[in-house]
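Those protein sequence lines, which keep their order, are chains A and B.
Quick note: the first sequence, position 50, residue 50 per our numbering, numbers continuous.
Quick note: the second sequence, position 45, residue 45 per our numbering, numbers continuous.
Glycine included, C-beta positions come from ideal geometry on N, C-alpha and C.
First comes the structure, then the notes that go with it.
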Amino acid sequence: MSPALKKTLATLAIAVLSIFSLLPFYIMTIMGTYQNEDLFTKIVLVPGSYLLENLKTVAASRFDLVYLNSLIVSLSSTVLSVFVSACAGFAFAKHEFKHKNKIFSFVLLTMMIPGQLGIVAYVIEMRYLQLSGTLLPLILPWVANAFGVYWMTQFIRSAVPTEVLESAKIDGCSDIGIFFRMVIPFIYPAITTLSLLVFLWSWNNYLLPLIIINKPELYTIPLGITSLGDAYRTDLAAQILGLTLGTLPVLVLFAFGSKSFIRGLTAGSVKG
Amino acid sequence: MSIMNAAKKRWVPYAFLSPYLLFYLAFGLFPIVFSFYVSLTSWDGIGDKTFVGLDNYKFLFNPDSYFFKSVGNTLLFVVLTLPVQIALGLVIATLLYSRWVKWRGLFQLINFLPYIVTPVAVGLMFNLLFDWQAGFVNKVLLKLGLVDEGIYWLGEPLYARMVIVLMLIWKGFGYTMVFYLAGLANVPKDLHEAAQVDGASGLRTFFSITLPLLKPVTVFIVITGIIGGFQLLEEPMLLLTGSGMGSSVAVIGGPERCCLTTVWNMYDTAYGSTTRYGLGAAIAYGLCVIIAVFSFVGARFYRGDSE
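Structure below.
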């Protein structure tokens, strides 16, 4: 095969698969621009003219509040999780202390435990602490993130040169100073990748809010999308538009971040 | 290795470690231990707890708990989707990495999109696409004259399972693709060049050099795929109950509960059609044991294989 033919064939193969990936999104987006009645009668392939009307219907359901809740939850979870993981990773990667290996094995073990294991008692705990009327129960589980600790430990171990830390120490730099000024700048790729992952996981989280959140003013996006169905049981088009709007932020985030996301994965721990 | 060997301040590593440990103890470990206690009781969350010993665990073996049925369903979905996701992800990653493909970054992003979309939205999306009346799929099939009347996709056990498998493959191959792309970037280039000099064909090089070197990535994908697969909930739930989530008891688990996953079963037992917290906690522990067994066997298999 000539190189030119190879190129064409390979690009064609990927293009076909990409259509498979995109088609459901495309149909959804298009469906959101039609009037409800049309969805039952026509096959819709090109954008319709009912987008603004559907937008009004969605806006009337205070979807902006749902958005805000999701942003608060996901941003706080991401910041806290990445910071706490980096601290623990620094301790494991560059310090010696008693029972270090045992504690690290324990962290690895907890990585294997499904998040649902403690959920029944977690809900009771949140009720007992009188936090179930707030967004905090959706943030707290992400703070101690075993995957994040493992990720950061691996990355700091390989990316941060110990000599640099030692000479900073000799120059009289405090431990906290070393962490912020010497460690953090070396691990930006790991921070980006972990941030994107935690943001994605918490943005998409459904089971926990479904069980804990019972006030509509605290709904996050996944709950908001499903409740759009309750409010407009007859208005499929508005619901579909809400669906599209709810997935938009993560799409945008990864559209801009996917390159550094993959770079971070490559530099990170998948080496085995 | 350590910057603290010479220092006297032994508390420093513990200070860096303590936020993680404290949060894990309070909101990770404590609920897990307390859940085990709840699993030994009969409790509806409001009244008094009654200690019942291992009764909840015994009940898991009773078909009325749907525990093993739901484990079987979940396992079926993992077995049918994971190999396809791995194969597709590997092929796409290899093609993208080969530099024969134009617009690499764009295709990479497009094929990763299904993975990052909210699972709830994925379930609803496929619910609408495969709707009996308004669904895109039926309308196209009717238009092309392939069927005389719309297929009741979500009402027949076999069809419902087919839609779920299709949906999970669609959603998951971008995830495997991304990890294989990262793995391929770590395969030394000179190995390929050496193979080419020796006259090995592209396919031969792929199977005897690239694939073995990607083994750690494959193991990682298989293990996380099993763990993630066993936690399957939103996609089938929203696919089969639609947006009126949980409003109708008749559709729990889909037709004949053929698509009831283990986590869905737990949710429904503790917070859905019944409020049996004790049994719900027991289902969660049962699930954890099963995941542990599979991870252990998987790790053993991997270790035995590499020696």
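Check	Outcome
Separation of alanine 88 of chain A from serine 18 of chain B, as counted between CA atoms	8 angstroms
Neighbour-count burial assignment, glutamate 235 of chain B, 16 or more Cβ in a 10 Å radius	buried
Secondary structure of phenylalanine 179 of chain A, DSSP reduced to three states	helix
Interface residues of chain B facing leucine 140 of chain A [CB-CB closer than 9 angstroms]	Phe23, Ala26, Phe27
Every unbroken alpha helix (DSSP H) inside the region 206 to 264 of chain A [4 residues or more]	207 to 212, 221 to 231
Nearest-angstrom beta carbon gap, alanine 93 of chain B and leucine 181 of chain B [assumed within contact, 8 angstroms]	5 angstroms
DSSP-derived helix/strand/coil call for serine 49 of chain A	coil
Identity of the residues DSSP links to threonine 309 of chain B by a beta bridge	Look at the range of chain B in this structure, 1 to 307, and you will see that residue 309 of chain B is not part of it.
C-alpha gap between valine 171 of chain B and glycine 53 of chain B, whole angstroms	Residue identity check: residue 171 of chain B is lysine in the sequence provided, not valine. The alpha-carbon atoms of lysine 171 of chain B and glycine 53 of chain B are separated by roughly 41 angstroms.
Residues bridged to phenylalanine 51 of chain B [DSSP beta-bridge criterion]	B:Thr41
Whole-angstrom distance between isoleucine 124 of chain A and methionine 266 of chain B, CA atom to CA atom	16 angstroms
C-alpha gap between glycine 257 of chain A and tyrosine 97 of chain B, whole angstroms	19 angstroms
Close Cβ partners of glutamine 231 of chain B (< 7 angstroms) along its chain, the five nearest in sequence each way excluded	Val263
Neighbourhood of leucine 240 of chain B by C-beta distance below 7 angstroms, restricted to the same chain and skipping five residues each side	Leu154, Ala160, Val251, Gly254, Cys259
Proximal residues, the region 191 to 225 of chain B versus chain A, C-beta separation under 7 angstroms	Pro216, Val217, Phe220
Partners in chain D for tyrosine 152 of chain B, counting only beta-carbon separations shorter than 9 angstroms	In the displayed structure, chain D is absent; the protein chains listed are A and B.
Cutoff 7 angstroms: glutamine 35 of chain A Cβ touching any chain B Cβ	no
Contacts of serine 258 of chain A in chain B (Cβ-Cβ under 8 angstroms)	Gly105, Gln108, Leu109, Phe112
Min CB distance isoleucine 163 of chain B to chain A below 7 angstroms	Residue identity check: residue 163 of chain B is valine in the sequence provided, not isoleucine. Taking Cβ atoms only, chain A never reaches closer than 7 angstroms to valine 163 of chain B, which makes this a no.
Secondary structure of serine 18 of chain B, DSSP reduced to three states	helix
Sub-7 angstroms separation of leucine 88 of chain B and phenylalanine 179 of chain B beta-carbons	no
Residues in the region 199 to 219 of chain A having any Cβ partner in chain B nearer than 8 angstroms	Leu200, Trp203, Asn204, Tyr206, Leu207, Leu210, Ile211
Complete runs of the alpha helix (DSSP H) confined to the region 186 to 272 of chain B [at least 4 residues]	189 to 197, 202 to 205, 215 to 230, 234 to 241, 262 to 271
Lysine 9 of chain B versus phenylalanine 92 of chain A: straight-line alpha-carbon distance, rounded	16 angstroms
Sufficient close CB pairs (3 or more, under 8 angstroms) joining the region 138 to 148 of chain A to the region 282 to 297 of chain B	no
Proximal residues to alanine 190 of chain A (C-beta, below 7 angstroms), its chain only, five neighbours per side dropped	Trp151, Met152, Phe155, Gly264, Gly268
Leucine 131 of chain A versus lysine 58 of chain B - alpha carbon distance	34 angstroms
Outcome for alanine 299 of chain B when other beta-carbon atoms lying within 10 angstroms are tallied against a minimum of 16	exposed
Closest by C-alpha distance to asparagine 111 of chain B, when choosing among A:Phe179, A:Leu251, A:Thr266	A:Leu251
Enclosing alpha helix (DSSP H) for valine 91 of chain B [first to last residue]	67 to 97
Proximity test, Cβ basis, 7 angstroms: phenylalanine 136 of chain B and chain A	yes
Lysine 58 of chain B - DSSP class collapsed to helix/strand/coil	helix
Element boundaries [alpha helix (DSSP H), containing tyrosine 26 of chain A]	3 to 31
C-alpha gap between alanine 237 of chain A and glycine 28 of chain B, whole angstroms	41 angstroms
Beta-carbon gap between glycine 280 of chain B and leucine 60 of chain B smaller than 7 angstroms	no
Under 8 angstroms from the C-beta of glutamine 116 of chain A: neighbouring residues of chain B	Gln231, Val263, Met266, Ala284, Leu287
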